[in-house]
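Heads up: the sequence shown runs through residues 646 to 964, numbered per my numbering.
Just so you know, even glycine gets a beta-carbon here, dropped at the ideal spot from N, CA and C.
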Amino acid sequence: MNRAPAGRPAAPAVRTVLGDIAPAALGVCDAHDHLFLRSPQLPGQELDDAEAAAAELSAFRAAGGATVIQWTPYGMGRRAAELPRLARESGVRIVAATGLHQAAHYSPELLARVRPDLAGLFVAELTEGIGGTGPRAGMIKVAGGFHGLDRHARHTMAAAAEAQRATGAAIGVHLELGTGALDVLDLLCGTLAVPPDRVILGHLNRSPDLVVHRTAAEAGAYLAFDGPSRAHHATDWRLPEALAALAEAGFGDRILLGGDTTTAGARSVNGGPGMPYLLRRHRERLEIALGADLVAQFLTANPARAFAADWARAPGGSR
Numbered sequence: 646m647n648r649a650p651a652g653r654p655a656a657p658a659v660r661t662v663l664g665d666i667a668p669a670a671l672g673v674c675d676a677h678d679h680l681f682l683r684s685p686q687l688p689g690q691e692l693d694d695a696e697a698a699a700a701e702l703s704a705f706r707a708a709g710g711a712t713v714i715q716w717t718p719y720g721m722g723r724r725a726a727e728l729p730r731l732a733r734e735s736g737v738r739i740v741a742a743t744g745l746h747q748a749a750h751y752s753p754e755l756l757a758r759v760r761p762d763l764a765g766l767f768v769a770e771l772t773e774g775i776g777g778t779g780p781r782a783g784m785i786k787v788a789g790g791f792h793g794l795d796r797h798a799r800h801t802m803a804a805a806a807e808a809q810r811a812t813g814a815a816i817g818v819h820l821e822l823g824t825g826a827l828d829v830l831d832l833l834c835g836t837l838a839v840p841p842d843r844v845i846l847g848h849l850n851r852s853p854d855l856v857v858h859r860t861a862a863e864a865g866a867y868l869a870f871d872g873p874s875r876a877h878h879a880t881d882w883r884l885p886e887a888l889a890a891l892a893e894a895g896f897g898d899r900i901l902l903g904g905d906t907t908t909a910g911a912r913s914v915n916g917g918p919g920m921p922y923l924l925r926r927h928r929e930r931l932e933i934a935l936g937a938d939l940v941a942q943f944l945t946a947n948p949a950r951a952f953a954a955d956w957a958r959a960p961g962g963s964r
């Protein structure tokens with residue numbers, strides 16, 4: 646855990662489930678994935694098997710991976726108590742998330758219970774621990790809708806902005822099928838005054854609109870291209886073109902890569918691409934198109950900046 650000498654401010658750190666680390670220690674990073682996930686929208690495909698999660702981490706480690714950012718937010722089966730053990734046993738660093746997904750993923754009773762003080766919930770999970778005693782979250786996850794933001798999304802993003810101001814944590818945004826990126830930036834970075842470099846826009850590979858990508862990068866946000874090998878989206882085959890356009894425009898430092906495993910059938914241990922795919926075929930293909938140095942930047946230096954925060958300013962941040 647980072648501790649600054651007396652009289653000097655603490656350096657930015659990445660908050661993992663085993664404590665804070667220097668950003669440079671992050672290593673090769675899957676910037677958006679899931680070890681555990683449960684939703685009524687995905688019946689029968691729950692990620693709730695701890696041994697399968699351990700096997701995925703082992704396969705990811707064997708492929709050269711060092712860190713996984715788990716974007717599973719509050720109320721979706723994060724199994725936070727399992728994460729420290731999995732991190733220790735696998736040797737893979739894990740960053741957990743707080744936050745809230747779209748309303749469809751929750752019961753009305755749960756939403757009624759947490760909505761009155763969402764920001765307080767997010768701050769507590771970032772600074773005190775998930776469930777009060779568990780590992781601390783290291784990022785905030787929220788979600789937009791398909792080409793728009795409903796009342797739930799706006800309320801959740803307002804709470805995320807408040808928690809971001811209190812802690813410095815990055816806000817990761819699920820963009821439904823990659824849409825609505827500029828609406829999200831207008832709300833978070835315009836109306837709610839979140840610094841653009843604290844916003845990570847997810848799933849942009851699912852909507853290969855190069856104009857939107859460049860506009861978001863010019864605004865200063867991070868762009869996550871996550872979820873390779875999804876045949877029903879314009880993902881793998883359009884991705885080199887999209888990333889090359891951003892890099893050629895000077896925005897190679899804004900790009901993150903992730904796997905976004907969301908169903909049991911997608912795990913590598915069940916015959917799907919899973920976590921190791923990002924660092925096997927996917928990385929290899931991108932290196933052929935873009936060069937190894939640039940792809941290494943996407944996987945190491947960029948996430949090290951994107952997920953680092955000045956935690957010392959947060960309540961309980963020096964714990």
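For residue i, the residue or residues it bridges with in DSSP
i, result
"Tyr867", "Ile845"
"Leu682", "Leu692"
"Arg738", "Thr712"
"Val970", "Since the first and last residues shown for the chain are 646 and 964, residue 970 lies out of range."
For residue j and residue i, believed in contact at Cβ under 8 Å, the rounded distance
i, j, result
"His750", "Ile714", "His750 to Ile714, Cβ: 19 Å. No contact."
"Phe870", "Leu902", "6 Å"
"Gly720", "Leu755", "6 Å"
"Val740", "Ala711", "Going by Cβ atoms, the distance from Val740 to Ala711 rounds to 12 Å, so no, they are not a contact pair."
"Asp955", "Pro657", "5 Å"
"Leu763", "Thr801", "6 Å"
"Ala949", "Leu671", "5 Å"
"Ala806", "Val759", "About 17 Å; that fails the 8 Å criterion."
"Ala866", "Pro841", "5 Å"
"Gly904", "Leu923", "4 Å"
"Asp828", "Gly793", "7 Å"
"Asn947", "Ile900", "6 Å"
N-terminal and C-terminal residue of the beta strand (DSSP E) that residue i is part of
i, result
"Gln715", "712-715"
"Ala742", "742-744"
"Asp818", "Contrary to the premise, residue 818 reads as Val rather than Asp in this sequence. Its beta strand (DSSP E) spans residues 816-819."
"Asp665", "664-666"
Reduced DSSP secondary structure (H/G/I, E/B, other) of residue i
i, result
"Asp938", "helix"
"Ala656", "coil"
"Val639", "Look at the range of the chain in this structure, 646 to 964, and you will see that residue 639 is not part of it."
"Met721", "coil"
"His677", "strand"
"His792", "coil"
"Leu902", "strand"
"Ala953", "coil"
"Thr661", "strand"
"Pro650", "Unreliable placement is indicated for Pro650, whose pLDDT of 46 sits below 50; no coordinate value is reported for it."
"Ser963", "Bear in mind that a pLDDT of 40 at Ser963, under 50, signals an unreliable position, so the number given afterwards is only what the model happens to contain. It is coil, neither helix nor strand."
"Val839", "coil"
"Phe896", "coil"
"Ala911", "helix"
"Gly776", "helix"
"Ala946", "helix"
"Pro885", "helix"
"Leu687", "coil"
"Ser852", "coil"
"Gly823", "helix"
"Leu671", "coil"
"Pro729", "helix"
"Ala782", "coil"
First and last residue of the uninterrupted alpha helix (DSSP H) at residue i
i, result
"Met802", "796-812"
"Val759", "753-759"
"Thr772", "763-772"
"Pro921", "Element bounds for Pro921: n/a, residue is neither H nor E."
"Ala826", "826-830"
Closer than 7 Å: residue i CB and nearest the ligand FAD heavy atom
i, result
"Val740", "Questions concerning the ligand FAD fall outside what the structure shown contains, since it holds no ligand whatsoever."
Residue i at chain C interface by Cβ criterion, 8 Å
i, result
"Ala826", "Structure shown: chain C not included; a single protein chain is present."
Problem - Meets three-Cβ-pair contact criterion under 8 Å: the segment 714-725 and the segment 915-932 - result: The answer is no - the segment 915-932 does not touch the segment 714-725, with fewer than three Cβ pairs under 8 Å.
Problem - the segment 760-778 / the segment 815-822 touching (three or more Cβ pairs under 8 Å) - result: Verdict: no, contact absent.
Handout entry: Three or more C-beta pairs below 8 Å linking the segment 680-692 and the segment 656-665
Key = The segment 680-692 is not in contact with the segment 656-665.
Exercise for the section: Decide yes or no for the touch test of the segment 797-815 against the segment 764-775: beta carbon pairs closer than 8 Å, at least 3 of them. Expected result: The answer is yes - the segment 764-775 touches the segment 797-815, with three or more Cβ pairs under 8 Å.
Exercise for the section: Spell out a yes or no on whether the segment 938-951 and the segment 720-730 are touching, meaning 3 or more CB-CB pairs, one atom from each, closer than 8 Å. Expected result: Touching, no.
Problem - the segment 911-919 / the segment 688-706 touching (three or more Cβ pairs under 8 Å) - result: Three or more Cβ pairs closer than 8 Å define a contact, and the segment 911-919 meets that threshold against the segment 688-706.
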